[in-house]
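Structure, as C-alpha cells:
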Amino acid sequence: MENRIPVLEQAYEVVFVTALVILAIFLMLSLIRAIIGPRVADRIVAINMMGTQTLAIIAILAVMKHEGYLVDICLIYAMTSFLAVIVLSKVYMGVYRQRKEERAGQEKQKEECGYGNH
Amino acid sequence: MEIIEWLQFLLGSALLVLGLLIFLIQMVGVFRFKYVLNRMHAAAMGDTLGIGCCLLGLIVMSGFSFTSLKLLLVIIFLWFSSPVSSHLIARLEVTIDEEKEQHYKQQEITADGAVVTRVPRAREDEDGTVF
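Residue numbers (my numbering), protein chains in the order written: chain A, 1 to 118; chain B, 1001 to 1131.
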C-alpha cells in the first residue's frame, strides 16, 4: 500500500485515527462493564470483548504504519485471549465445585455435632 | 490506476466503518440487556461479525500481500475460537447459577406427562407474557 496521491494519504490517516479513537472509547466502556458486572460470567464476557477490540486496534495499527509483523502479534493475541477465557471459565468452575463440597462438608459436620449434643 | 486506489480506499473504509457500527451495536446490547446469557448474545456478535468486517476492510486496504493473508488467518482463527469460548462461558454460568428460577423460564415434564412451567419471580404477575 504505497500511495503517491497526497489527498489519499491524508484520507487514510483520518479514517485510521478516527477508528482508533472510537475503539479506545469502546475499550473503556467494556472495562466499565467488567467492573460493574454483577456475575462472574459478566466479567469474563467483558474481558473477551476487550480482547476482540484490542485485536482490531493492533490490526489497524499494522496497516496504518505499514508494519507487517504487527499482524503476527495480532494472531498471538487472539490465541492468548482465547486461552485466557477458557482457563478462567475452567478455574471458576473448579472453585465453585470446591466451595460446594466445603459447604456440604460443613453442614454434615454441624449435623453430627448436633446429634452428639443430644 | 488512480481510480482503483480510490475504490480500494472507499470499499476498505466502508467495511471498517461497518465493523465499528457492529461494535457499537454490541456495546449498546451489552449495556441494555439484564442478564448474562442475554448479554452474551450481543457480545458474540462483535466477536465474529464486527472484527470480521474490520479485518476484511483492512485486507481490502492493504491489497494483495502477505499481510492480508495473515489477517485472513486471524479471521479464520476467530471463527473457530469464538463459539468455543461462548459455549464455555454459557456452561459456566449455568453451572454456578444457584437461583435459576429468578433468571429464566424453565419447563419440566414430570413422570405422569404434565408440563411444569416455572416463570421468573419478578415477572410472575404479568399475564402470560414471558420473555
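Ideal Cβ positions, reconstructed from N, Cα and C, are used throughout, including at glycine.
At the 8 Å Cβ level, is residue i part of the contact set with chain B, yes or no?
i               : result
A104 of chain A : no
M1 of chain A   : The predicted position of M1 of chain A is uncertain, since its pLDDT is 49 and thus under 50; no value can be drawn from it.
V40 of chain A  : yes
A59 of chain A  : yes
T52 of chain A  : yes
V15 of chain A  : yes
V21 of chain A  : no
G94 of chain A  : no
G68 of chain A  : yes
M28 of chain A  : no
L75 of chain A  : yes
I35 of chain A  : no
L31 of chain A  : no
A62 of chain A  : yes
A56 of chain A  : yes
Beta carbon of residue i: closer than 7 Å to some heavy atom of the ligand NAP?
i              : result
I44 of chain A : With respect to the ligand NAP, the structure offers nothing, as it holds no ligand at all.
Return the first residue and the last residue of the alpha helix (DSSP H) that residue i is part of.
i                : result
F53 of chain A   : For the record, residue 53 of chain A in the displayed sequence is Gln; it is not Phe. Q53 of chain A -> alpha helix (DSSP H) spans 40-64.
H1087 of chain B : 1066-1096
I5 of chain A    : No alpha helix (DSSP H) contains I5 of chain A, which DSSP labels as neither H nor E.
G1057 of chain B : 1051-1062
H1041 of chain B : 1036-1045
Ends of the beta strand (DSSP E) at residue i?
i                : result
Q1008 of chain B : Element bounds for Q1008 of chain B: not the beta strand (DSSP E) but the alpha helix (DSSP H), 1002-1032.
I1109 of chain B : 1106-1109
T1117 of chain B : 1115-1118
Hey, is residue i's beta-carbon within less than 8 Å of any beta-carbon in chain A?
i                : result
F1009 of chain B : yes
I1022 of chain B : no
T1117 of chain B : no
I1076 of chain B : no
W1133 of chain B : As shown, chain B starts at 1001 and ends at 1131. That puts residue 1133 of chain B outside it, with no answer to give.
M1061 of chain B : yes
G1046 of chain B : yes
L1088 of chain B : yes
I1004 of chain B : no
I1051 of chain B : yes
L1058 of chain B : yes
So, under 8 Å CB-CB, residue i and residue j are touching, yes? Tell me the CB distance rounded to an integer number of Å.
i                : j                : result
L29 of chain A   : M1027 of chain B : 5 Å
L1037 of chain B : E1093 of chain B : 6 Å
W1079 of chain B : T1048 of chain B : 6 Å
L88 of chain A   : I44 of chain A   : 5 Å
F1077 of chain B : L75 of chain A   : 7 Å
H1103 of chain B : D1112 of chain B : Going by Cβ atoms, the distance from H1103 of chain B to D1112 of chain B rounds to 28 Å, so no, they are not a contact pair.
A78 of chain A   : S1081 of chain B : 7 Å
Taking 8 Å as the threshold, find out whether the stretch 17-35 of chain A comes into contact with the stretch 45-55 of chain A through three or more Cβ pairs. Yes, the stretch 17-35 of chain A touches the stretch 45-55 of chain A.
Does the count of Cβ pairs from the stretch 1010-1027 of chain B and the stretch 1049-1063 of chain B closer than 8 Å reach three? Yes, since at least three Cβ pairs between the stretch 1010-1027 of chain B and the stretch 1049-1063 of chain B fall closer than 8 Å, the two stretches touch.
So, do the stretch 1086-1093 of chain B and the stretch 1059-1073 of chain B have three or more beta carbon pairs nearer to each other than 8 Å? With contact defined as three or more Cβ pairs closer than 8 Å, the stretch 1086-1093 of chain B and the stretch 1059-1073 of chain B are not in contact.
Decide yes or no for the touch test of the stretch 100-110 of chain A against the stretch 1102-1119 of chain B: beta carbon pairs closer than 8 Å, at least 3 of them. No, the stretch 100-110 of chain A is not in contact with the stretch 1102-1119 of chain B.
Within the chosen definition, does the stretch 38-46 of chain A reach the stretch 78-93 of chain A through at least 3 CB pairs nearer than 8 Å? Yes, the stretch 38-46 of chain A is in contact with the stretch 78-93 of chain A.
For the stretch 1015-1043 of chain B, enumerate the residues whose C-beta is nearer than 9 Å to any C-beta of chain A, in chain order. Result list: L1016, V1017, G1019, L1020, F1023, L1024, Q1026, M1027, V1030, F1031, Y1035, V1036, L1037, R1039, M1040, A1043.
At a CB distance below 7 Å, what residues from the stretch 1091-1107 of chain B approach chain A? Give them in sequence order. Of all residues in the stretch 1091-1107 of chain B, L1092, E1093, T1095, I1096 have a Cβ within less than 7 Å of some Cβ in chain A.
Taking only beta carbons into account, state which residues of the stretch 1064-1075 of chain B come closer than 7 Å to chain A, listed in chain order. The stretch 1064-1075 of chain B vs chain A, Cβ under 7 Å: F1066, T1067, K1070, L1071, L1073, V1074.
Does the contact criterion of 3 or more C-beta pairs under 8 Å hold for the stretch 66-73 of chain A versus the stretch 12-24 of chain A? Between the stretch 66-73 of chain A and the stretch 12-24 of chain A, the count of Cβ pairs shorter than 8 Å is below three; the stretches do not touch.
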